[in-house]
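In structure tokens, the structure reads:
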């Protein structure tokens, strides 16, 4: 693999100037979609039995093959274009990982690039679904937890039906949910998306447990503390 010029501390897509984002937009899927993809990759529980060898590293970076838009022939891009684009995607991956691990209170999904926030969230959630599919075995272990299932269903409610992978759509409770209830769930999930992601990451990596998610984190005066996102209740399917 070519050695890439990657910032080990991470760098968000949000810090790129308009010209760079325009260049990326010409060859990549929507950046919100990629943010959702890498978020699902980072949340997926680690395989404790895996060794840090060339094969495991390649598997961990398999998501890089899915970031290109369908109209691009990668073989016709210059090596500089491929390397720059891959490095920027890896920078963003490291940025998201650092936020989830080191500063979850500052975490926010990247939802720029669409005029409608709901459309950007739909792109983000579609990327998240694809990331889940890429790590199906690891996610199956996490989805044995009912709280994790509830959080994932809330995220899936943001996805347009046509963008949801078939293997997920056929098993989704959303397919049988009345339109009004799904619209309500979608609105709640959009408002709580950072909390949903942080709680899922905490469950996957042992930072929170089921009791934490049932705790409303009330202060003494009975009000909810907005600085403690991991304790907020996820919206429930109706």
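Numbering (this note's numbering), first residue to last: 3 to 240. From the three backbone atoms N, C-alpha and C, an ideal C-beta is built for every residue, glycine too. Computed from a predicted model, the values in this text were never measured in an experiment.
Classified as buried, residue 94 has 16 or more neighbouring CB atoms from the shown chains inside 10 Å of its CB. For residue 70, the beta-bridge partners assigned by DSSP are 30. A distance below 8 Å between beta-carbons, with the five flanking residues on each side excluded, links residue 23 to the following residues of its chain, in chain order: 15, 33 and 115.
If the five residues before and after residue 137 are omitted, its C-beta is found closer than 8 Å to the C-beta atoms of 42, 43 and 46, all from its own chain and listed in chain order.
Rounded to whole angstroms, the separation of the alpha carbons of residue 78 and residue 208 is 44 Å. A residue is called buried once 16 or more other Cβ atoms fall within 10 Å of its Cβ, and residue 155 is buried on that count. Under the 10 Å beta carbon count, residue 76 is surrounded by fewer than 16 other beta carbons and is classified as exposed. Excluding the 5 residues flanking it on each side, residue 39 has same chain C-beta neighbours closer than 6 Å at 65, 129, 132 and 133, in chain order.
Just so you know, the alpha carbons of residue 196 and residue 150 end up roughly 15 Å apart.
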